[in-house]
Every structure is written in structure tokens, then in C-alpha cells.
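Novice: Using the numbering used here, read the sequence shown as starting at 742 and increasing by one per residue.
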Amino acid sequence: QAKLAGRNRFCFFTSRMNEEAEARLRMEGELRRAVGTDQFHLAYQPLVDVKSGRAVGVEALLRWSNPELGNVPPDRFIPQAETCGVIVAIGRMVLETACRDARRWVDAGHADLRLCINVSPRQFQDAGFLGHVRAALAASGLSPANLELEITEGLLLTERGDVDVLLRALTDMGIQLSIDDFGTGYSSLSYLERFPFDTLKIDRSFMIGMLERQERKVLVETIVAMASGLGLKVIAEGVETVEQLAHLTAINCDIAQGYLFSRPVPATEIPPLLERVYR
Ligand code: C2E
Ligand code: MG
Ligand code: MG
Ligand code: MG
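#1: Tell me which same chain residues have a C-beta within less than 8 Å of the C-beta of Leu788, skipping the five on either side of it?
#2: Cβ atoms of Leu907 and Pro918: under 8 Å apart, would you say?
#3: For Asn807 and Thr963, what's the separation of their Cα atoms in angstroms?
#4: So what does DSSP say about Val874, is it helix, strand or coil?
#5: Any chance the CB of Asp922 is under 7 Å from a heavy atom of ligand 4?
#6: With respect to 7 Å, is the separation between the Cβ of Asp944 and the closest non-hydrogen atom of ligand 4 below this value?
#7: Please report the distance separating the alpha-carbon of Ala775 from that of Arg804.
#8: Find out if the Cβ-Cβ distance for the pair Leu890, Ile916 is shorter than 8 Å.
#9: For Arg1004, count the other beta carbons within 10 Å of its own beta carbon; 16 or more makes it buried, fewer makes it exposed. Which is it?
#10: If we call anything under 8 Å between Cβ atoms a contact, is Gln864 one with Val829?
#11: Following a CB-centred definition, is Glu891 positioned closer than 7 Å to any heavy atom of ligand 2?
#12: When every heavy atom of ligand 2 is checked, does at least one fall within less than 7 Å of the C-beta of Asn759?
#13: Give every residue of the same chain whose Cβ lies closer than 6 Å to the Cβ of Arg1020, excluding the five residues on either side of it in the sequence, and list them in chain order.
#14: In terms of residue numbering, what span does the alpha helix (DSSP H) encompassing Asp913 cover?
#15: Under DSSP, the beta strand (DSSP E) around Tyr785 begins and ends at which residues?
#16: By the three-class DSSP mapping on this structure, what secondary structure does Cys840 have?
#17: Could you pull out every residue in the same chain whose Cβ sits closer than 6 Å to the Cβ of Asp903, ignoring the five residues on either side in sequence?
#18: Can you tell me whether Ser861 is helix, strand or coil according to DSSP?
#19: Does Thr1022 come out as helix, strand or coil in the three-state DSSP assignment?
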């Protein structure tokens, strides 16, 4: 009896593992086929200066709509695209499209607009990366001063000597760098000193219960104070309520991003959001 149950359980596990592996392979195949098609598009979310209430930039966020799989959220397909390397081609498309969109907004009068683009470690480590960035800037005519690349702590963990060199090459070009999802990875505070970041983005998990939980409140306050002491701009991600915004204002957080101001929207909906004053 026990033996039978054990064997059944074993069968159950293997079939579920097979299903997962199959789903992964299927997604991988769809991702590869999707490159160069119109299945990908970018949504943009405004970054709002807390003091003036004006949008000072936008973050480009990738969307994938596949005829077989439907709308797949980035948290599901990006890790997969990383593993199979197709993120390099997708990321190149993101750079080109976003720079082109941002150039139009800059030309429409938002000279200081900051375009934030997420870069995943696999993409960053690709030998062609710097060339892709240069090409996207050249093709769009966007100034490097308008571009900010968002990097996660995972990249810095790779301990490759050339990470330093590449980050320097980017900042030497006049591109800004931010550290994304700060506080969730294996944050080492020494990274903030060692790498040439301009901005620190506090992960949105810190906003959840920030006002109710004293410890969390203290953490956010401390991160903001530390960042500004180091001369870094601070962006709070995932701001959803006026109470959260009021607190962030009180502790001198520079920039806020979240559903309170706007969800990520298609490029066509961005121009009016850049004219608005959020108060
Ligand atoms: P992220 O870079 O931390 O981007 C912010 C995420 O928070 C976005 O999720 C955004 O829609 C969401 N968000 C913003 N405000 C709020 C809020 O008030 N409440 C809540 N609940 N969520 C909010 P999204 O668009 O699903 O993207 C998820 C992640 O996928 C991104 O996190 C980023 O790491 C990755 N990603 C997105 N686009 C790209 C891309 O083009 N390239 C790469 N490599 N990664 C990307
Ligand atoms: Mg980001
Ligand atoms: Mg990110
Ligand atoms: Mg983030």
C-alpha cells in the first residue's frame, strides 16, 4: 500500500515537472519567434518630482502579447528570456524604441526628460551591449543626458572586473545609472560607493505597510537619508496613496512613481501626463 502511494506520488511529481519543463520550452519557443514581430510593445510610467508635482521622466516597461499565451507579465517572461539569452535581442529593441519615443517628447519641449530603461544582467554582459546603446542613441538622436539605465544588484554580484569598466564607459558617455529594486537583493552598501550610480530606486515592497509598520518606516527614512547624503537621487517605487506621498514628502524623498500618479500607459498617452501637475 505504502509502496504504491509512494510510486504514485513519484509519478505525480515527474509529470508535474514535465509539465513545467514543457511550459518553459513552449514559452522559450514563443519568445524566440516573437522577436522582430509586433508582439512586444512598451508602456511608460511617469516619475514625479515630489516637490513640484511635475513628471521629470518616464520608465519604459516591456509588454508581451502572444497569440498563444495571451498577455504574459514581465515578471514571468523576462527571467525566461534571460535564461535562454533572447533578452539580448529584445533588450536591443527596447533601447531603440524607447529612445525614439523619448526623442519626440524631448523635442516637444521636455528638454530635461529622463528616460529610464531596465537592463538585465544577461543583456549587460553581452559583448554588444555598449554598441547597442550607442546605436539606439545615434539612430534616435536622443542625448545620452536624457538616458538612465536601471541596473539590479544581481549584476553587481557577478564580481566581474569589467562590470566596473562598462559602468564607467556608460557614465563617461553622459548616461545616468540607477540601482533598481534597492533593498531586495543582496544589497551591499559598499556598492553605492564603488559604482557610479546617480539614483537609487527603493523597491516597491517597502511601500506596503510603510505607514503602519514603524520598522519599515524607519528603513525607508534611513535609505532616503543615506542616499541623499551620498549625493544620490531617490525614487520611491509603488506609491499608491496620498498618505504614502505625504510621508515621502516629509522625509525629503525626491521622486515618486506609482499608481497614485499613473499606471504604465502606451506611448500615445504620455504627452498629456508630462504637462500635468500632480498635486
Ligand atoms: P521594475 O523595474 O521594478 O518596474 C516597476 C514595476 O512596478 C512595474 O511592473 C510597474 O508596473 C510596477 N508598479 C509601478 N507602480 C506600481 C504601484 O503603485 N503598485 C504596484 N503594485 N506596482 C507598481 P511591470 O511593468 O510588471 O514590470 C516588472 C519588472 O519586469 C520590472 O520591475 C523590471 O524588472 C522588469 N522589466 C520590465 N520591462 C523590462 C525591460 O524592458 N527590460 C528588462 N530587462 N526588464 C524589464
Ligand atoms: Mg525598473
Ligand atoms: Mg527593474
Ligand atoms: Mg524596481
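Ideal placement from N, C-alpha and C gives every residue a C-beta, glycine not left out.
Specialist: So, to answer that:
#1: Excluding positions up to five away in sequence, the list reads Ala796, Val797, Gly798, Val799, Glu800, Arg855, Cys857, Ile976, Ile996, Ala997 and Gln998.
#2: Inspection of the sequence shows that residue 918 is occupied by Leu rather than by Pro. Pairing Leu918 with Leu907 gives a Cβ-Cβ distance that is not under 8 Å.
#3: C-alpha separation (whole angstroms): 42 Å.
#4: If DSSP states are grouped into helix, strand and coil, Val874 belongs with the helices.
#5: Within the cutoff, so yes.
#6: Result yes, Cβ under 7 Å from ligand 4.
#7: Ala775 and Arg804: Cα-Cα distance of roughly 12 Å.
#8: A distance below 8 Å separates the beta carbons of Leu890 and Ile916.
#9: That one is exposed.
#10: Yes, these two residues count as a Cβ contact at 8 Å.
#11: A heavy atom of ligand 2 is found nearer than 7 Å to the CB of Glu891.
#12: No; taking the cut-off as 7 Å, the Cβ of Asn759 has no heavy atom of ligand 2 nearer than that.
#13: If you ignore the 5 residues before and after Arg1020, its C-beta comes within less than 6 Å of the C-beta of Gly794, all in its own chain and listed in chain order.
#14: In the DSSP assignment, Asp913 falls within the unbroken alpha helix (DSSP H) covering Gly902 to Asp913.
#15: Phe781 to Asp790 is the extent of the beta strand (DSSP E) around Tyr785.
#16: Cys840 sits in a helix when the DSSP states are folded into three classes.
#17: Cβ neighbours of Asp903 beyond the five flanking positions: none.
#18: Ser861 falls in the coil class under three-state DSSP.
#19: Examination of residue 1022 is not possible in this model, given that the chain is present from 742 through 1020 alone.
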